[in-house]
Structures are given as structure tokens and as C-alpha cells.
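Visitor:
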Amino acid sequence: MAYPIIFCLLFFWFGELFSQEISNFTKINYRTISFKSSKDLNLFIQECSPKRNYVKYRVITTLNRKELRFFRIKQPIIIPDTFVEDLRFYSVFPQKYESANNIPKLIVVSNLYQAYACYEYGKIVRFSAVNSGKRSTPTYPGRYYIQWKERLRRSSFNENWIMPFTLNFHRLTGMAFHQFEMPGYPASHMCIRQFREDAEWLYNWAELPKKDSTGKLIPMSGTPVIIIDFFNFGEGKKKWLELSSNQPVVSLPKNPLEFELPYIPIVHIPPELRTMIPKNERKRYEYALDTLISRGILPRDVRLTPSQSLKKPNDKKQGNEPTSKNSKIQP
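All residue numbers in the sequence shown are consecutive under numbering that gives the first Met the number 0, ending with 330.
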């Protein structure tokens, strides 16, 4: 008679795996737990290890936005009542994006929920966790486009920092999607970190800029990327840990391809590259900080980390993501 009770407890604790029968609109409930002892936490981590249960591993790390090695005692861990291989079931974004029905490919990023969704003609095809830019080097909201990619990128500032599956979306700052460690909070140097599986998938899926008949790159022809919000560093809340279910919570802009271009403070552009800023865009960079502060996106007492000079590629003091790349600049 004890077997049904044990089964129910296991189901309640770890959930159950379904892949075929569940529709895209099935509700999955979440709950938050924490462990008081290292022993209990280690048992949980072992149960969620990729070798023991890959689906559970992917779901738990995605929902918590961090690698298992960063789980700690007394810290909240969000778990679902159902484990599904298709991570789109856990998306904070809507399954359909009506305003993107005519857009072949689109990437939508939420700093607030530390996640992104990929859409093909308005239908979600991928949901992934991210760790975006930290307080002093944040990932700024706005409309971007994929610029270039590199399978194994070495930092322009520190050759020991390697970023697999790099997808750049802003040439002058070097902002890019790539694989890197995921501690579970905004921690990067303006870039968007991902788990390896997601970074590789996105690297192969996203489109590079097209070329005209002369071989010149066509501006804004790579896959569009819209970063729709900003992480509230002052509040410091991890909104993804407050979710009670998989019901979408992110509101998408009505006209994604008309979403405002980013305001990026000029201090984030390496000194050597500032002369490359087009004349008609320079004021936007120069007044970006004031604009972001006036809109309440950045606090008045914000302290941004200026971009390091590219003349110091081996400086180990600031080892973060790459700053920039073009055919003339070597990491």
C-alpha cells in the first residue's frame, strides 16, 4: 500500500516526463524550494545531472537560469510539476507573435526575465535562458541585427577568455550572444550568455547580413534582435523565480521592426573605434547616458565601466567578453 504514496511524492518532487501528449497550451505549475543542508542539495543536483536525466537537467537549469554548479543551500530553486523535453513549454514569451507573422526570423530578449525567444513567422521555435550584462556594463534595450559570427571567439582583452558560438549584434561595442558560464544573474560585459546547447543552436539558426550585387553588406539585413526591457538592478529581484506557472508574462511590442534603436553610452565603445561612429549617429551615443537616466532606465548615480583600449589585448585585469571585431582587429 506504500507504493502509491511513494509514487505521488516522487511525482510532486520531480514531476513527470511527457513529450507527445501535451499541447502547447498545457499549464505547468511551478513551486520554489530550498535546501538547508549541502547533503540534500547535492542529492538534488545528482538527480538533475545530465547523465542521469538530461531532460530534467535542461529544464531545471533553464528555469533557474544557471548551471547546477552555482546552486547553493538556502537559495530558492524553482521546479515544475511536469518535465517536458521541449523547453518552449516553459517560455515566458507568448507561443505566437502576431505582429511578427511576416518576419522570417526574430530574436526577442528580456533582461527582466533573463531569457529569449526565437520566432519564425510569428511562431516560437526556441526558448532559452540567458545571463545578460551586469550593472556597470548592462545589455541595453533596443533593436539590433546580427552582424557576424565566429565559432570559437577569443576576447580582444584577454586571450584566456574563450566564447564559443559567438553571434555579434553590435560591431562597435562587441555585444554578442555566446556560450559562457551561467551563474544565474546578469553578470556579463554587455553580452548575452547562454548554455552551450542554446548557443550552438542559435549560432546555426540566426542569419548573417546579406550582400548586394557588389558584395557589400546590406545594413540591417541580418536576423533582427529586439531587447525589450531592462533588468532592475536597484530592486535586484529575480523575476523568473517568482513565476507560479508557465503562462506567458512578457508583453511583446506591436511593431518589432520599428522598435527603438538602442541608446548606448559612448564610454562602452573602445577609444580606437569611436571615430568609426557615423556622424549622424554620434550624438545618440554622446547623449545616451543622459537619455537613459532621464527615462529611469539607469539611476542617476550609475557607475558604468568604460571600454578598455584594444591596444591592451593581454590585460588580465578586465577579463570579460570581446569588445569588437572586424577584418582589421584581432582578438
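All C-beta atoms in this analysis are idealised placements derived from N, C-alpha and C, irrespective of residue type, glycine included.
Would you tell me roughly how many angstroms separate the C-alpha atoms of Asp289 and Ala186, rounded to the nearest one?
Guide: Whole-angstrom Cα-Cα distance: 24 Å.
Visitor: Determine the closest residue to Arg150 out of Arg142, Asn159, Pro163, Thr138, with distance taken between C-alpha atoms.
Guide: For the residues Arg142, Asn159, Pro163, Thr138, the minimum Cα distance to Arg150 belongs to Pro163.
Visitor: Is it buried or exposed, Arg68, if we count other Cβ atoms within 10 angstroms and call 16 or more buried?
Guide: Classification of Arg68: exposed, given that the 10 Å Cβ count is below 16.
Visitor: Give a yes or no on contact between the segment 276-285 and the segment 227-239, applying the rule of three or more CB pairs nearer than 8 Å.
Guide: These segments do not touch.
Visitor: How would you label Met181, buried or exposed, when you count the other beta carbons within 10 angstroms and need 16 or more for buried?
Guide: Flag for Met181 reads buried.
Visitor: Is DSSP giving Asn203 helix, strand or coil here?
Guide: Asn203: helix per DSSP, three-state reduction.
Visitor: Count the other CB atoms within 10 Å of the CB of Arg299; is the residue buried (16 or more) or exposed (fewer)?
Guide: Classification for Arg299: exposed.
Visitor: Let me know the secondary structure DSSP gives Thr222 once reduced to three states.
Guide: Looking at Thr222 - three-state DSSP - the assignment turns out to be coil, as it is neither helix nor strand.
Visitor: According to DSSP, is Trp147 part of a helix, a strand, or is it coil?
Guide: Strand at Trp147.
Visitor: In the structure shown, what three-state DSSP assignment does Ser98 receive?
Guide: Reduced to three states, the DSSP call for Ser98 is helix.
Visitor: Would you mind reading off the limits of the beta strand (DSSP E) that contains Ser293?
Guide: Element bounds for Ser293: not the beta strand (DSSP E) but the alpha helix (DSSP H), 287-293.
Visitor: Per DSSP, which residues does Asn52 bridge with? Please list them.
Guide: Asn52 is not bridged to any residue.
Visitor: Could you compute how far the alpha carbon of Lys65 sits from the alpha carbon of Phe179?
Guide: Distance between the alpha carbons of Lys65 and Phe179: 11 Å.
Visitor: Extract the residue ranges of the beta strand (DSSP E) inside the segment 152-216, only unbroken runs of 3 or more that lie entirely within it.
Guide: Counting whole runs of 3 or more residues, the segment 152-216 contains the beta strand (DSSP E) stretches 161-169, 174-178, 191-193.
Visitor: On the CB-based measure, 16 or more other CB atoms within 10 Å of its CB, does Met189 come out buried or exposed?
Guide: Under this definition Met189 is a buried residue.
Visitor: Are Pro208 and Leu256 touching if we call contact CB-CB under 8 Å?
Guide: Taking 8 Å as the Cβ cut-off, Pro208 and Leu256 do not qualify as a contacting pair.
Visitor: Could you check what DSSP says for Val107 in three-state terms: helix, strand or coil?
Guide: Three-state DSSP puts Val107 in a strand.
Visitor: Measuring only the C-alpha atoms, how far is Ile263 from Glu271?
Guide: Roughly 17 Å separates the two Cα atoms.
Visitor: Could you give the distance in angstroms between the alpha-carbon of Thr31 and the alpha-carbon of Ile77?
Guide: Going from the Cα of Thr31 to the Cα of Ile77 covers about 4 Å.
Visitor: How many angstroms separate the CA atom of Asn101 from the CA atom of Tyr120?
Guide: Computed Cα separation, rounded: 5 Å.
Visitor: Measure the alpha-carbon distance for Lys73 versus Ser33 and round it to whole angstroms.
Guide: The straight-line gap from Cα to Cα measures roughly 5 Å.
Visitor: Check the DSSP bridge columns for Ser244 and list the partner residues they point to.
Guide: DSSP lists Asn28 as partners of Ser244.
Visitor: Under the DSSP definition of a beta bridge, which residues are partnered with Ser127?
Guide: Tyr115.
Visitor: Can Ala128 and Ala114 be called in contact, C-beta distance under 8 Å?
Guide: Yes, the pair counts as a contact, with Cβ atoms nearer than the cut-off.
Visitor: Looking at the secondary structure, which residues open and close the alpha helix (DSSP H) in which Ile44 lies?
Guide: That run of the alpha helix (DSSP H) goes 37-46.
Visitor: State the Cα-Cα distance for the pair Tyr184 and Phe168, rounded to the nearest angstrom.
Guide: Distance between the alpha carbons of Tyr184 and Phe168 is about 21 Å.
Visitor: Taking the beta strand (DSSP E) that Ile77 belongs to, which residues open and close that run?
Guide: Element bounds for Ile77: 76-79.
Visitor: For Thr61 and Ser212, I'd like the C-alpha separation in whole angstroms.
Guide: Distance between the alpha carbons of Thr61 and Ser212 is about 42 Å.
Visitor: State the DSSP-derived secondary structure class of Lys122, mapped to helix, strand or coil.
Guide: In this structure, Lys122 counts as strand in the three-state DSSP scheme.
Visitor: Where DSSP assigns a beta bridge to Arg142, which residues make up the other side?
Guide: For Arg142, which the question treats as bridged, DSSP gives the partners Ile225.
Visitor: If you count every other CB in all the chains shown that lies within 10 Å of the CB of Thr25, and 16 or more means buried, which is it?
Guide: Result: exposed.
Visitor: Pick from Tyr143, Asn157, Ile217: whose alpha carbon is nearest that of Ile191?
Guide: Among Tyr143, Asn157, Ile217, the Cα nearest to that of Ile191 is on Tyr143.
Visitor: Under three-state DSSP, which class holds Ser250?
Guide: DSSP places Ser250 in coil when its eight states are reduced to three.
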